[in-house]
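Structure first, commentary second.
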Amino acid sequence: MHQVPEEWREDDNVKPPEGRDALFKGNTWMSGNSRRDGGKVAEKQNVELMDGDRQSLMMELTRLIQNMVNETSWWENRGIDISILALAFLLLLPAFLLLGSSSTLAFVLGLVLMGVSHAVITVKGTHLASHGSLTDSPAWTNLWAVFFIEVCGSFTVKAAVSGHVKLHHAHTNVIGLGDSSTWKIPCLPRSVYLFIAPLGVPVITPLVALGLLRDQSVGRGLRTVLMMLLGFFCQYWLLIHVSGFQCPYRTIFCMLFCRGMFSVPFIHVNIFQHIGLPMFSPTRRPKQIYQMTHGVLNLPRNSLLDWTFGHSLISCHVEHHLFPFLSDNMCLKVKPIVSQFLKEKGLPYQEDSYFSRLQLFFHKYQELMVFAPPITELVGVQ
Ligand SMILES: [Zn+2]
Numbered sequence: 001m002h003q004v005p006e007e008w009r010e011d012d013n014v015k016p017p018e019g020r021d022a023l024f025k026g027n028t029w030m031s032g033n034s035r036r037d038g039g040k041v042a043e044k045q046n047v048e049l050m051d052g053d054r055q056s057l058m059m060e061l062t063r064l065i066q067n068m069v070n071e072t073s074w075w076e077n078r079g080i081d082i083s084i085l086a087l088a089f090l091l092l093l094p095a096f097l098l099l100g101s102s103s104t105l106a107f108v109l110g111l112v113l114m115g116v117s118h119a120v121i122t123v124k125g126t127h128l129a130s131h132g133s134l135t136d137s138p139a140w141t142n143l144w145a146v147f148f149i150e151v152c153g154s155f156t157v158k159a160a161v162s163g164h165v166k167l168h169h170a171h172t173n174v175i176g177l178g179d180s181s182t183w184k185i186p187c188l189p190r191s192v193y194l195f196i197a198p199l200g201v202p203v204i205t206p207l208v209a210l211g212l213l214r215d216q217s218v219g220r221g222l223r224t225v226l227m228m229l230l231g232f233f234c235q236y237w238l239l240i241h242v243s244g245f246q247c248p249y250r251t252i253f254c255m256l257f258c259r260g261m262f263s264v265p266f267i268h269v270n271i272f273q274h275i276g277l278p279m280f281s282p283t284r285r286p287k288q289i290y291q292m293t294h295g296v297l298n299l300p301r302n303s304l305l306d307w308t309f310g311h312s313l314i315s316c317h318v319e320h321h322l323f324p325f326l327s328d329n330m331c332l333k334v335k336p337i338v339s340q341f342l343k344e345k346g347l348p349y350q351e352d353s354y355f356s357r358l359q360l361f362f363h364k365y366q367e368l369m370v371f372a373p374p375i376t377e378l379v380g381v382q
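Everything in the sequence shown is counted per the UniProt record's numbering, starting at 1 for the first residue and increasing by one.
Here you go:
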């Protein structure tokens, strides 16, 4: 739908199979059917018919969404999400001022405001920036990515884009590629993994980023370190000079507390929407529309999480995986079209509540988060 920087495009070595190879490689249903037909002509016709049907489903849906995007104003396409991000930055001023208050209630309000703003900027902001959904300009896309991911999010643009966009999105639920296994820590007991370990995210994130720098050029690595330090020291300086903090340890603890306020639901959301759903083999993967409708799940609308993490990560995750360059607001706008289309075509539109997924992960922790997931063969049932 718009241009993206060259480095964000698929690498040749991780490019998913295209065309018929991706559809029918190892298709046991087709092999059996053609054997029963006993003729190569019938097999070829079947292959072309199925290929056309499957391709046309995604093309048909894409046309519907493209038409809607073309008729949509800049405000709905980008403006609303940019305004939410701008509001999050504006809220930082009262947050810093309230954190300087001697009133306990005002101080707690300051903490909450700082935590919410940080979540909006570092989850919604970094996610939209990693997909290039904030602007059509490649130069601004790069700039916003560095600002949101490195300065605000304390991570590296290269690792975020290659891990999230190139691997997770391109190979959703494909074993060994986009199977969300980076979120698994099988050595941890379930209660520790689900409720305590996420609190370490504000410390673990920059440490992981520093470890990943060896895969980058010296120049880019240096830029990442400088940007991360800039974000860290800006918040530290403002807490000292605006909020009036005097003890360095108290200042750092306050920073980590606010940065970690939403890290428990952040980890939950990342695992709830993919792990436990069908997983695919790299050599027998279904076509995109089947891969995404079977391997992605939407959570119900939740005022707090929808507005802090963004609709594309909560109630419109299916729409986001089908059309990753749409902004959060556009994902919400196309949701009725996508859900109706998938239901009409007999495809799954998977939804489950946050609490239901939490119960599932808590009771099936070993199966879902410790053992290797089973592979689903969709090709036989499509
Ligand atoms: Zn995404």
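Idealized CB from N, CA, C, for every residue including glycine.
Same chain, Cβ closer than 8 Å to residue 135, neighbours up to 5 away in sequence not counted: 78, 141, 144
Host alpha helix (DSSP H) of residue 352 (start-end): Element bounds for residue 352: n/a, residue is neither H nor E.
8 Å contact criterion, which residue 198 and residue 263 should meet: CB distance rounded: 4 Å
Buried versus exposed, by CB contacts within 10 Å (16 or more), residue 320: buried
Span separating the alpha-carbon of residue 268 from that of residue 305: 12 Å
Separation of residue 66 from residue 288, as counted between CA atoms: 17 Å
Helix, strand or coil at residue 151 according to DSSP, with G and I counted as helix: helix
Sequence-distant residues of the same chain with beta carbon closer than 6 Å to residue 33, five excluded per side: Below a pLDDT of 50, predicted positions are generally treated as unreliable, and residue 33, at 33, falls in that range; the measurement from the model is reported next regardless. Correct list: empty, nothing qualifies.
Spatial neighbours of residue 162 in its chain, beta-carbon cut-off 7 Å, leaving aside the 5 residues before and after: none
Local conformation of residue 440 per DSSP, three classes: The structure shown has nothing for residue 440, since the chain only spans 1 to 382.
Length of the line joining the Cα atoms of residue 172 and residue 90: 35 Å
Best match in 364, 196, 231, 329 for proximity to residue 74 [C-alpha to C-alpha]: 329
Cβ contact check for the stretch 249-265 and the stretch 111-119: 3 or more pairs under 8 Å: yes
Sequence-distant residues of the same chain with beta carbon closer than 6 Å to residue 312, five excluded per side: 320, 328, 331
Cβ contact (3+ pairs, closer than 8 Å) linking the stretch 246-253 and the stretch 103-113: no
Range covered by the alpha helix (DSSP H) that runs through residue 208: 201-212
Cβ contact check for the stretch 332-339 and the stretch 230-247: 3 or more pairs under 8 Å: no
DSSP beta-bridge partners of residue 298: 351
Anticipated Cβ contact below 8 Å, residue 282 with residue 177, distance rounded: 6 Å
Proximal residues to residue 6 (C-beta, below 8 Å), its chain only, five neighbours per side dropped: Any reading at residue 6 must be qualified, since the residue scores a pLDDT of 37, below 50, and its modelled position is unreliable; the value itself is stated next. For residue 6, where only same-chain residues beyond five positions count, there are no Cβ hits under 8 Å.
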